[in-house]
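To start, the structure itself, in structure tokens.
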DNA sequence: GACACTATCTTGACGGTGTCAAGATTTTCG
DNA sequence: CGAAAATCTTGACACCGTCAAGATAGTGTC
């Protein structure tokens, strides 16, 4: 161990403590960054550790395995998605129609701006979701948020008054499915040449609205 | 090399030739089997090779890399999906409504019976789809098949006569999205306790049908 | 039939990966 | 202050995708 260690560090940065201070979140953030930069295939525990400035085994003090880190990243993604959904819909507290339209657009926007995080959240990379309660909680909370909007629309006569939970699933499924197909390049060029995924989702919602 | 090699092999099995004869397909099948048994995480080139009874590097004579094997497996999956869609809809050549209903159910059935193949086909594990023309061709052919059914329904007044390609995307997206959410455990228990994914998809289609 | 050519397959190596065990360092707390 | 717990490092292991070199078998040509 060479000398160099300025204990005169008042703090203005985390600045290399030997116990880092907040490694857990640093690892999650490093993971998100690598995800955005190199995609799912480029996400390795060792790279995450390196980017956070710790040794390759350090993450094991905070996550029992790689799946657990992925769960944390996914959970973080859901938190952000929920927050954005909530922010947008809160702008129109008495206008469920607007909530539905703008909420679905927020969903699309999130998927586009965080493509690989979105994939990790929904594309089965996380294999045993049931083992991660925090993940389950926020993901179901998001679901309940969607159900709430649909229900409000039904109460206002804007959507069919069919069983609201089923309707919520089919509407969410529609938005989600169009995005998923779009991201995987499944939507043939003849369609995507003229319309963006955003447009297609907007169109789908229009078709559902009664008044 | 011990003795044992019955050159008196009239053929009733591929039976260990030293040039195997059909390694390429054997590798694809081995991949599908491992996928079904161990999931995407368990799929490695070396395991595929071992299951096919060849050395760990043998696959490189047929596939330039792992992605290429995955592309072949996905392509095979799309071929099967297309065949099943085609088989079902061919049963009702003059009944587009039935085609829509039974076709969507066939889609769900395929996803359920081949969950991991389905995931590999749609979940972004294959990273550069555009590099695999055979994959693109069959996947777009499947898309065109769906468009065809929707168009027939529109012509028959069973679905709204909106731009048929957009409508096809939104309907396919709906089916696909409900399945995807269901497979990822995103659909809250209160819904799934009473309804299967099949039921939800059937419900969604019902809602779309005009007459 | 002999020979060259090519496709196919094996062996062995490389760096990268997830994970674990052992130990060092730091923080926490009695 | 000192023990216990949390955190981090080092080093190892088996597995992975990939490549290079060579062995083996099939193909076509004279």
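Protein chains in written order, with our numbering: chain A, 218 to 428; chain B, 218 to 428.
Note that the Cβ used here is the ideal one computed from N, Cα and C, for glycine as well.
No experiment lies behind these values; they were computed from the predicted model shown.
Within 9 Å, strictly: CB atoms of residue 405 of chain A and residue 360 of chain B:
yes
Residues of the region 403 to 415 of chain B with Cβ closer than 7 Å to any Cβ of chain A, in chain order
403, 404, 405, 407, 408, 412
If we define contact as Cβ-Cβ less than 9 Å, is residue 421 of chain B a contact residue for chain A?
yes
Buried versus exposed, by CB contacts within 10 Å (16 or more), residue 347 of chain B
exposed
Coarse secondary structure for residue 428 of chain A, derived from DSSP in three states
Here residue 428 of chain A carries a coil assignment [DSSP, helix/strand/coil].
Between the CA atoms of residue 392 of chain B and residue 382 of chain A - distance to the nearest angstrom
16 Å
Which residue wins for smallest C-alpha separation from residue 292 of chain A, given the options A/240, A/400, A/245, A/378?
Closest by C-alpha distance to residue 292 of chain A, out of A/240, A/400, A/245, A/378, is A/245.
Starting from the C-beta of residue 259 of chain B, find all residues in its chain whose C-beta is less than 7 Å away, skip the five residues before and the five after it, and write them out in chain order.
251
Is residue 375 of chain B closer than 9 Å to residue 417 of chain B when the C-beta atoms are compared?
no
May I ask you to report which of helix, strand or coil DSSP gives residue 403 of chain B?
Three-state result, residue 403 of chain B: coil.
Identify whether residue 230 of chain A lies in helix, strand or coil by the three-state DSSP scheme.
Bear in mind that the predicted position of residue 230 of chain A carries a pLDDT of just 43, short of 50, making it unreliable; the figure below should be weighed with that in mind. Of the three classes helix, strand and coil, the one that applies to residue 230 of chain A here is coil, per DSSP.
Taking C-alpha atoms, which residue in B/394, B/265, B/274 lies nearest to residue 386 of chain A?
Ranking B/394, B/265, B/274 by Cα distance to residue 386 of chain A puts B/394 first.
Using the Cβ count rule (16 or more neighbours within 10 Å means buried), how would you classify residue 308 of chain B?
exposed
Could you pull the start and end residues of the alpha helix (DSSP H) that residue 317 of chain B belongs to?
313 to 330
Any chain B beta carbon closer than 9 Å to residue 398 of chain A
Residue 398 of chain A counts as touching chain B.
Is residue 288 of chain A near residue 247 of chain A, with beta carbons less than 9 Å apart?
no
Run through DSSP, which three-state label would residue 372 of chain A get?
In the structure shown, residue 372 of chain A falls within a helical segment according to DSSP collapsed to helix, strand and coil.
Determine the DSSP secondary structure at residue 283 of chain B, reduced to helix, strand or coil.
helix
Residue of B/313, B/390, B/281 minimising C-alpha distance to residue 367 of chain B:
B/313
Taking buried to mean at least 16 other C-beta atoms within 10 Å of its own C-beta, is residue 255 of chain B buried or exposed?
exposed
Measuring only the C-alpha atoms, how far is residue 336 of chain A from residue 373 of chain B?
38 Å
Taking a cut of 8 Å between CB atoms, which residues from the region 369 to 382 of chain A lie near chain B?
377, 379, 382
Rounded C-alpha distance that separates residue 295 of chain B from residue 322 of chain B
16 Å
Look up residue 256 of chain A in the DSSP assignment and say whether it is helix, strand or coil.
coil
Nearest CA to the CA of residue 290 of chain A: which residue from A/324, A/301, A/249?
Here the closest residue by C-alpha is A/249.
With the cut-off set at 9 Å, would you say residue 320 of chain B and residue 306 of chain B are in Cβ contact?
yes
Quick one: is residue 325 of chain B near chain A, going by C-beta distance under 9 Å?
no
Just how far apart, CA to CA, sit residue 284 of chain A and residue 277 of chain A?
12 Å
Comparing C-alpha positions only, which one of A/324, A/419, A/380 sits nearest to residue 421 of chain B?
A/380
With a threshold of 8 Å on Cβ separation, who are the neighbours of residue 345 of chain A within its own chain once the five nearest residues in sequence on each side are excluded?
284
Give me the residue from B/390, B/414, B/389 with the minimum Cα distance to residue 401 of chain B.
B/414
Per-residue burial, residue 324 of chain B [other beta carbons within 10 Å of its own, 16 or more giving buried]
Buried, since its Cβ has 16 or more Cβ neighbours within 10 Å.
What separation, rounded to the nearest whole angstrom, lies between the Cα atoms of residue 397 of chain B and residue 316 of chain B?
In this structure, the straight-line span from the alpha carbon of residue 397 of chain B to that of residue 316 of chain B is close to 22 Å.
Could you tell me the boundaries of the alpha helix (DSSP H) in which residue 262 of chain A lies?
262 to 269
Less than 6 Å between C-beta atoms, sequence neighbours within five positions excluded: which residues of the same chain meet that for residue 228 of chain A?
Reliability fails at residue 228 of chain A, whose pLDDT of 39 lies under 50, so the model's placement of it is uncertain and no value is given.
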